[in-house]
Amino acid sequence: MFKKLIDLFSNFFSSLFGGKKDKPAPTPVKGPTSGNEKSPDFAEDSSDVPVDTIVTVKVAEVNIAIPTGGNDGPFADPDKEGAFEDTPKEEPTPVPPKDKTDPTPPVDKPKPTDPTTKPPTTSKHEPRYLWCLDNGHGKLQPGKRSPLFDDGKTQFFEYEFNRDVVEKIMKTLDKQGVKYFDVVPDYLEVGSFLEERVDRANKKKSDLPKIYVSVHSNAGPTADGSWVPNTIQGVETWYAQNSQKGMKIAAVFQKHIVEKTGFKDRNLKSTAISSLYVLTKTTMPAILTENGFYNNKEQVKELMKDAVRQKIADAHVDAILEIEKNGIG
Ligand SMILES: [Zn+2]
């Protein structure tokens, strides 16, 4: 780890003073708590992505087309290298009429005039996708935590936040009848677990097309591992570059998260040079949400509140329900 830091520093200085440029800009040093033990070819989350490789798209620039046929067809992401067909041979069940997929039951439906007739059960949601929910990091992973607060002991751990939000999402999806796959329920026993999370999602058998959602909180670069300036804050959603479905899904999530939290809109992001592993190695459309900055001293206080986490989870559910209803063309 120490040697790694020295290397990072020397790379940093050589890039400042015109050293050889055979590599993309070095990942900014984020202090002694930062640690990504994975191959440098892949980033684990957006805080590992060199800033000068990032491509930004505004939500408003994305055409979230609603398919007319009501049939998504095979749903491996054709834009992805190595994508394979993991959906069943038979066509997915036709999508039911719109009012059935609407989570809000129509108000004027029930007519409980006859007491012997059971009141109509709330419209049953017909699942359209299998949502592979990834909580990002395990407890054993180094780094991915805030600096210590002034009391010298309080600290934010990203794995705990991610897990809490994902659990809140799953709880609501259970009520809504939406199908999901909890990719890493064993998060306490694992560290980075990067390949395995992707592997589990890829190998998961499903009659429904799969969509991968990785939930994270962000960290801005700092020279000494301390807090970032308060200007660095907000929400961004990542997708695999060139994946049209990924970009559309990302736009729906970004829209809802910004709406619900009121956090600054940092737009949709993708990267050409350093690839985010879970976005490029999954064989299904995939996105990664970065919900606020945990090394922003003001924003992390928000991220530690249960009500704010609930809002973030609700926003993810809203996005999921919108895509369950309309599909992604
Ligand atoms: Zn992360």
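Here our numbering is used: position 31 in the sequence shown is 618, and no number is missing along the way. Note that CB positions come from ideal geometry on N, CA and C, so glycine has one too.
Identity of the residues DSSP links to glutamate 747 by a beta bridge = By one-based count along the sequence shown, residue 747 stands at place 160. Looking at the DSSP assignment, glutamate 747 forms no beta bridge with any residue, so it has no partner.
Rounded straight-line distance, which links the Cα of cysteine 719 to that of arginine 750 | As a first step, residue 750 is located in the sequence shown; it is residue number 163 there, counting from the start. As a first step, residue 719 is located in the sequence shown; it is residue number 132 there, counting from the start. If I take the Cα positions, the gap works out to 14 Å.
Taking the alpha-carbon positions, what's the leucine 717 to glutamate 846 distance?
-> For the purposes of this step, residue 717 is taken as the residue at position 130 of the sequence shown. For the purposes of this step, residue 846 is taken as the residue at position 259 of the sequence shown. The straight-line gap from Cα to Cα measures roughly 25 Å.
Proximity to threonine 869 [Cα-Cα], best of Asn650, Leu781, Leu760, Val777 = Start at 1 with the first residue of the sequence shown, and residue 869 comes out as number 282. Measuring from the Cα of threonine 869, the nearest candidate turns out to be Leu781.
What runs of the beta strand (DSSP E), each 3 residues or longer, lie entirely inside the stretch 826-878?
-> Runs of the beta strand (DSSP E) inside the stretch 826-878: 852-858.
Residue burial classification, asparagine 650 (beta-carbon count within 10 angstroms, cutoff 16) = Here residue 650 corresponds to residue number 63 of the sequence shown, with the count starting at 1. That one is exposed.
For leucine 795 and glycine 833, believed in contact at Cβ under 8 Å, the rounded distance = Here residue 833 is taken as the residue at index 246 of the sequence shown, counted from 1. Here residue 795 is taken as the residue at index 208 of the sequence shown, counted from 1. Going by Cβ atoms, the distance from glycine 833 to leucine 795 rounds to 18 Å, so no, they are not a contact pair.
Which parts of the stretch 723-792 are runs of the alpha helix (DSSP H), unbroken and 4 residues or longer, counting only runs that do not cross its ends?
-> Within the stretch 723-792, the complete alpha helix (DSSP H) runs of at least 4 residues are 745-763, 781-790.
Going by Cα to Cα distance, which pick from Pro872, Glu877, Gly812 is closest to asparagine 854?
-> Numbered from 1 along the sequence shown, position 267 holds the residue referred to as residue 854. Of the candidates Pro872, Glu877, Gly812, the one whose C-alpha sits nearest the C-alpha of asparagine 854 is Glu877.
Where do the N-terminal and C-terminal ends of the alpha helix (DSSP H) with valine 802 fall, by residue?
-> Sequence index remark: in the sequence shown, residue 802 carries index 215 (1-based). For valine 802, there is no enclosing alpha helix (DSSP H); the residue is found in the beta strand (DSSP E) stretching over 797-805.
Determine the DSSP secondary structure at isoleucine 641, reduced to helix, strand or coil.
-> Working through the sequence shown from its first residue, we reach residue 641 at position 54. Of the three classes helix, strand and coil, the one that applies to isoleucine 641 here is strand, per DSSP.
Classification of valine 537 by the beta-carbon crowding that lies within 10 angstroms, buried from 16 upward | With the chain covering only 588 through 916, there is no way to say anything about residue 537.
For glycine 821, is the classification buried or exposed, using 16 other Cβ atoms within 10 angstroms of its Cβ as the cut-off for buried?
-> Residue mapping note: residue 821 aligns to position 234 of the sequence shown, counting from 1. Glycine 821 is buried by the Cβ-count criterion.
Bridge partners - phenylalanine 662, DSSP secondary structure assignment | Along the sequence shown, read from residue 1 onward, the residue named residue 662 stands at position 75. DSSP output for phenylalanine 662 lists no bridge partner at all.
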